[in-house]
RNA sequence: GAGCCGUUAGCUCAGUCGGUAGAGCCCCUGCCUUUUAAGCAGGUUGUCGCGCGUUCGAGUCGCGCACGGCUCACCA
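Numbering (this note's numbering), first residue to last: -7 to 482.
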């Protein structure tokens, strides 16, 4: 018989034996007085010589039987504590029940006074205990923990039980999101929620997931961005809004991409992209200060200083510095392609000049942007929702920011001229007809909203997952998403 | 979608030149009343990812497939 099945059956036999003895292995109620952390704290706070009695509950992580006494550790969400069971204190029946019917992985509660062992560990001297949940399968092995990456992702609960560092990443992730909310709330931003199921997707260049609503008999898309709905709210008179939520993009999976990911978008009326640069700098540095206690982070061996001001340079300057190519000297696709080729820069074919500029940038500049950097002034063709630069209408008031070589976020002075917006959508339609599957679809309903008047507005979006990667020094997005997308196992 | 690497006990891993599948932990039995990788003595574990082939004989060699990791492509 396979060992797992045998072991599972062993544990079921133990469970049945408990029921025969009138013990319910899955009681509904727990009667603890302290979390494990609170128990340790209570002992340390108590005056010398004063007895502190606690009832704690948690999962058995280790059991060390030494004849008529047994040490074990139980863990709850706050930490772990050692418990000490003695046959002479518990009586033979209770002690033997623990020895025979209880396994590592089970949950128990245990009550008794706290004491310090010979080696100094604060320990519960158990006078009473009770099983509160029986486990049927063994936990990962205690020495090496759980290393198998596939099992870690597919059975994240085992990863969280076995690997404390993993737990810490997700605790930090939560703190980061909380700190972002606090930062924005303190500045008068309103947190809102907009549709995830959308009749027309938009706000980014990406292929969507498509779904279908039976009652309405229509195709709906999972959102690829929040942008167009948040702008409707700006039009509606909410001057400062933000949304944190999942976007869904039907693209390949990589160390930097998960099909669903967490993004934040922030819009501020009567502001422009310069204001958004200041906002990003302040947000990142103050969140770092709050959750890490410093504005200097270490990412892949690089010391990165998030304190404002961040470096700013235009995309033209950046490309010129790293490749020697002045994109303004090569304003058509062929010429730019030639220039890159002459310098031995291998690029893949792109649908238009703007995308080729972006590609050239990604190849030559992006990996060098370790310290926080704003790259400004993007080609208009790849920025259909951003306002043109007054002095250079083929460019827009847009920036992306880069930290640790990672593209972190995107922002612009929002386009609020509805007639220009219509032209941009029409240009996108042409791109789509030319085979660009990521071209932005025409959105008449959004144009209708904008035609009612939209104030000058600064908008910003960034990936929360990538921010967490930076703050936790992780190179794979799967390490900061609890349940990353994997192929289903046959 | 392409390339490279990986998949052996519940976990972490060995496995030589193609010749009866291993270790530690876990688990089971016994001893053990301050241990903490508890210890001591004994014992059990397997579709070697799946399939086909080569061979007297395949964990090992070949081909195909699945899943995972990394790189590329695409994107944030």
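C-beta atoms are modelled at their ideal positions from N, C-alpha and C, and glycine is treated no differently.
Taking all protein chains in view, the Cβ of residue 98 is crowded by 16 or more other Cβ atoms within 10 Å, so the residue is classified as buried. Closest in C-alpha terms to residue 399, from the list 117, 93, 194 and 357, comes 357. With contact defined as three or more Cβ pairs closer than 8 Å, the segment 244 to 261 and the segment 279 to 293 are not in contact. Beta-carbon to beta-carbon, residue 302 and residue 405 are separated by about 18 Å, too far to satisfy the 8 Å threshold.
Nearest neighbour of residue 261 by Cα position, chosen from 407, 342 and 114, turns out to be 407. When the five nearest sequence neighbours on each side are left out, the beta carbons in the same chain lying within less than 6 Å of the beta carbon of residue 416 are those of 376, in order along the chain. With a contact defined as Cβ atoms closer than 8 Å, residue 434 and residue 227 miss out at about 18 Å. In this structure, the straight-line span from the alpha carbon of residue 66 to that of residue 29 is close to 11 Å.
Setting aside the 5 residues that flank it on each side, residue 124 is surrounded in the same chain by 19, 22, 49, 99, 100 and 101, each with a C-beta closer than 7 Å to its C-beta; the list follows chain order. The shortest CA-to-CA distance from residue 189 to any of 480, 445 and 203 is the one to 203. Taken in chain order, the complete alpha helix (DSSP H) segments of 4 residues or longer contained in the segment 64 to 89 are 79 to 82. Taking residue 240 as the centre and dropping the five residues before and after it, the same chain places the C-beta of 201, 214 and 252 closer than 6 Å to its C-beta, in chain order. Between residue 355 and residue 374, the C-beta gap is not smaller than 9 Å, which leaves the two residues out of contact.
Taking the Cα positions, residue 153 is about 37 Å away from residue 182.
Scanning its chain for C-beta atoms nearer than 7 Å, with the 5 sequence neighbours on each side dropped, one finds around residue 234 the residues 176, 181, 183, 256, 257 and 258, in chain order. Comparing alpha-carbon positions, the option among 378, 306, 329 and 88 lying closest to residue 369 turns out to be 306. Here residue 91 is near residue 57, since their CB atoms are less than 9 Å apart.
By the neighbour-count criterion, in which a residue is buried when 16 or more other Cβ atoms sit within 10 angstroms of its Cβ, residue 360 is exposed. DSSP places residue 50 inside the beta strand (DSSP E), whose first and last residues are 45 to 58.
Around the C-beta of residue 104, 16 or more other C-beta atoms lie within 10 Å, and the residue is accordingly described as buried.
Secondary structure at residue 454: strand, using DSSP grouped into helix, strand and coil.
When DSSP states are grouped into helix, strand and coil, residue 319 belongs to the helix group.
Taking C-beta atoms as the reference points, residue 403 and residue 478 fail to come closer than 9 Å. Exposure of residue 397 is indicated by the presence of fewer than 16 other C-beta atoms within 10 angstroms of its C-beta. A straight line joining the alpha-carbon of residue 394 with that of residue 367 spans about 8 Å. Counted as a single uninterrupted DSSP element, the beta strand (DSSP E) harbouring residue 295 occupies residues 294 to 297. When the Cα atoms are used, residue 205 and residue 191 turn out to be separated by approximately 10 Å. Under DSSP, residue 121 shares a beta bridge with 102. In this structure, residue 298 lies near residue 288, with their beta-carbon atoms less than 9 Å apart. For the pair residue 196 and residue 171, the CB atoms are not nearer than the 9 Å cut-off. Under DSSP, no beta-bridge partner is assigned to residue 432. Selection 60, 160 and 384 evaluated against residue 461 yields 160 as nearest (Cα-Cα). The beta carbon of residue 352 sits closer than 8 Å to those of 311, 315, 317, 319, 328, 332, 337 and 339, all from its chain and outside the five residues before and after it, given in chain order.
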